[in-house]
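Read top to bottom, the protein sequences are chains W and D. Per UniProt numbering, numbering through the first sequence is continuous, rising by one, with the last residue being 319. Per UniProt numbering, numbering through the second sequence is continuous, rising by one, with the last residue being 326. Every residue gets a Cβ at the ideal spot worked out from N, C-alpha and C, and that includes glycine.
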Amino acid sequence: MSAWRALVRRLDARIAASVLAVMVVACLAAPLYAACVARTDPFMSNIGGSFSEHGVTRDIMQPDDNPLHLGLTPIGPQWHAQYLLGADGQGRDVATRVLYGGRSSLLIAAASAALCMLGASILGICAGYFGGWTDTLISRLLDIFWAVPVYLFAISISIVTISHALRIGPFSIAADNLLLPIGIIATVYLPYAARPIRARARSIARTDYVLAARGYGASHSRVILREVLPNLWDLIVTLAPLVIALTLLAESALSFLSLGVQAPAASWGTIILDGEGLLYRRPAIAIAPGIAIVTVVLCLNVLGDALRAVLDPKAGGRV
Amino acid sequence: MRSVALRLGQGACVLVGISMLVFAVFFATPGADPTARIAGRGASPQILARIRHDYGFDRALPVQYIRMMDKLFVARDLTSFVDHGERVVPEVFAAAPVTLSLVGGAAIIWVGLSVLIGVVCALWPNGIVDRVLMGLSVLLLSIPVFWLGEVVNLVTQSRYHDTMLFSWVPPLGYVPFLQSPSGWFRSLLLPWLVLSSSFAGLYARVLRAELMAASGEDYMRTARAKGLSPLRIMLNHGLRMSWLGFVSLFGLDVAQLIGGGALLTEVVFALPGVGHLTYRALTDLDLPLIMATVLYSAAFVVIANALVDLVYLALDPRLRTGTRHG
């Protein structure tokens, strides 16, 4: 509890947590924004549409300003309730899409981080606690995984799974199911989280209290649950925000390569990809989701640093 | 030396394992059957059968595997399944210099920057300079590299391209060094900066932490007691010990980047490097190209690990007696 109080006392942690909370609430409120403020459907193509502002009706797709007026460009930022950040290549409201995209991005990042931490804890505790050949096998496997460039690894799995619906026995997961990116990203970052957990579990397994518990005849599962896990908890809590930051970056990168979230659903990565084609004319489309990603990842990193400083006072000024 | 040889031997085994794994996964992937791809749309069964026979797809998988390895390493005439007659080995060798130039330059920038930031921060810990620089490092660490690349492109290619500041920026793409050294430099300067940004942030933080941890050690106190200047202590004593963690991190990161991890930077800046090639091979499900790029990438990781071990031995004489720490 003292750690919690120390955390709340830190200004950087307070600011980061509040900004994160605002971002999450804003993204969760996306349907509300779409229905009440922007009054558009973020997923329906709206090329022929128009909107009225101060009683003046304007087309969403404006003719290009070249001499022949060939081609159409979506309107730019209006800084107004409707089309706050302008429209994308299909006439959809960018601000609404960024909020909706945040829902997928944050959901995937959080879920894959949770899955990753769960898997990493199981692997790390098994390897560190049991040692011997279990440890050798798991550690070598993690080493090999870690040696593969993270994004290329994720891309290979996505291509195998996304191009054709994944079938495991009677279960079939469609290509546009969010479970796919969640599983892929969780797998890719397993070694990142498992290695420190293994190291800590290894040192805990050699402590007197674990030996004493074993000496009393406690079973392995009881020792792991009652002795090892409680002493690992602070490490897991410290790692969590950093892992979420990594999974969020990975999700956006995969979606940017159109291998993550599939259309018509949006995520921050896919919106950046949408904006790439219009980058030089309507930069707001690509810039807005990027700022959202940077903000969230920055807050998570600051929060992770603050947690580490609070939970691991020995590290002192370490970042 | 023996440990290095052992490492290389292990690495060779890992390479063989990886190639077999890639091969098995490819043929287990639904829809990856190369016959239909080579034949094209609406091919007759006779043509399909002929192609299957010509390419040897009707043989047992181990035979196919050995034939492919033979073509890749001995005859070096393995051809792509997707682009007819396109040889795979020269393609990888054409892409390698692009990636090597990109990663080499970026590595120099990020090591220099992070050492500078780390040392300055560790000299005046918790001061205003430290706080600002560490804040900057976290920020750099938090920016998605592909987005940063797009923003840089936006500024330098379009908005402000005609101003004095950015008129030197060439169009996206790669200029070979031998064709024009200055063009090579100009085409790579921005990709270098973009690629190195997040690594500079990460390494600066790691280095500062290591230097701070080292500053409590006895030899640092001795050095201070001798009356050496703080800068000399930091450079001669602190950095020397901190290099160890730094080197192992650096070895793995550079190996991953050379092996294709710089993919996003290459895609955004239209550099035809190995990452780009691997990405194309994967999206086309082109097994020969996948095999070549994956093995190339894995080889770099194995070599880098062996090199890191060697550098360890050079940096820390205690390891030479044969007892290994950690």
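With fewer than 16 other Cβ atoms inside 10 Å of its own Cβ, serine 180/D counts as exposed. Per DSSP, glutamine 64/D is not a residue of any beta strand (DSSP E); the alpha helix (DSSP H) it occupies stretches across 61-69.
A distance below 7 Å between beta-carbons, with the five flanking residues on each side excluded, links tyrosine 100/W to the following residues of its chain, in chain order: Ala30, Pro42, Ala266.
One Cα belongs to tryptophan 243/D, the other to alanine 106/D, and the distance between them is close to 19 Å. Here phenylalanine 27/D is actually not in contact with proline 288/D; their C-beta atoms are around 13 Å apart, not less than 8 Å.
Neighbours of asparagine 301/W in chain D, taken as residues at a C-beta separation under 8 Å, are given in chain order as Val138, Leu141, Ser142. Out of Pro34/D, His276/D, Asn236/D, the CA that lies nearest to the CA of glutamine 64/D is found in Pro34/D. Within chain W, no residue has its CB atom less than 7 Å from the CB of leucine 100/D, the nearest being about 15 Å off.
Here aspartate 58/D carries a coil assignment [DSSP, helix/strand/coil].
Contact check for isoleucine 185/W against threonine 247/W passes: the beta carbons are separated by less than 9 Å.
In terms of beta-carbon proximity, serine 52/W stays away from the interface with chain D, with every pair separated by 9 Å or more. The shortest CA-to-CA distance from valine 268/D to any of Thr222/D, Leu252/D, Gln157/D, Met220/D is the one to Gln157/D. According to DSSP, phenylalanine 51/W shares a beta bridge with Arg58/W.
Of all residues in the stretch 145-159 of chain D, only Val145, Phe146, Trp147, Leu148, Glu150, Val151, Asn153, Leu154, Gln157, Ser158, Arg159 place a beta-carbon less than 9 Å from a beta-carbon of chain W. Sequence-ordered contacts of the stretch 260-294 of chain W with chain D read Ile272, Glu276, Leu279, Tyr280, Pro283, Ala286, Ile287, Gly290, Ile293, Val294 [C-beta pairs closer than 7 Å]. Straight-line spacing of the CA atoms in valine 89/D and leucine 285/D works out to 17 Å. Within 10 angstroms of the beta-carbon of threonine 207/W lie fewer than 16 other beta-carbons, which makes it exposed. Between glycine 173/D and chain W, the shortest Cβ-Cβ separation is not below 9 Å.
Distance from the CA atom of valine 16/D to the CA atom of alanine 298/D, rounded to whole angstroms, is 10 Å.
For proline 74/W, the uninterrupted beta strand (DSSP E) run begins and ends at 72-74, by DSSP. Counting along the chain, the unbroken alpha helix (DSSP H) around arginine 280/D starts and ends at 274-284. Residue contact check for serine 252/W against chain D: a CB pair falls below 9 Å. Contact of isoleucine 159/W with chain D is assigned, a C-beta pair being separated by under 9 Å. Take the alpha-carbon of serine 197/D and the one of leucine 141/D: they are about 7 Å apart.
As DSSP reads the structure, alanine 87/W sits in a beta bridge with Asp93/W.
The shortest CA-to-CA distance from isoleucine 287/W to any of Ile303/D, Leu165/D, Pro144/D is the one to Pro144/D. Buried is the label assigned to methionine 61/W, since at least 16 other Cβ atoms lie within 10 Å of its Cβ. With respect to valine 92/D, leucine 282/D sits apart: the two C-beta atoms are not nearer than 9 Å.
Taking one beta carbon from each stretch, the stretch 4-22 of chain W and the stretch 71-81 of chain W have fewer than 3 pairs nearer than 8 Å; the two do not touch. Under DSSP, arginine 87/D shares a beta bridge with Thr79/D. Those residues of the stretch 253-279 of chain D placed with their C-beta closer than 8 Å to a C-beta in chain W are Ala255, Gln256, Leu257, Gly259, Gly260, Gly261, Leu263, Leu264, Val267, Gly275, Thr278, Tyr279, ordered along the chain. In the three-state DSSP reduction, proline 77/W falls in the coil class, being neither helix nor strand. In the three-state DSSP reduction, proline 191/D falls in the helix class (H, G or I). Ranked by Cα distance from valine 138/D, the first of Thr222/D, Gly118/D, Asn305/D is Gly118/D. Secondary structure at proline 264/W: coil, using DSSP grouped into helix, strand and coil. Comparing alpha-carbon positions, the option among Gln46/D, Ile51/D, Leu102/D, Thr29/D lying closest to leucine 271/D turns out to be Leu102/D.
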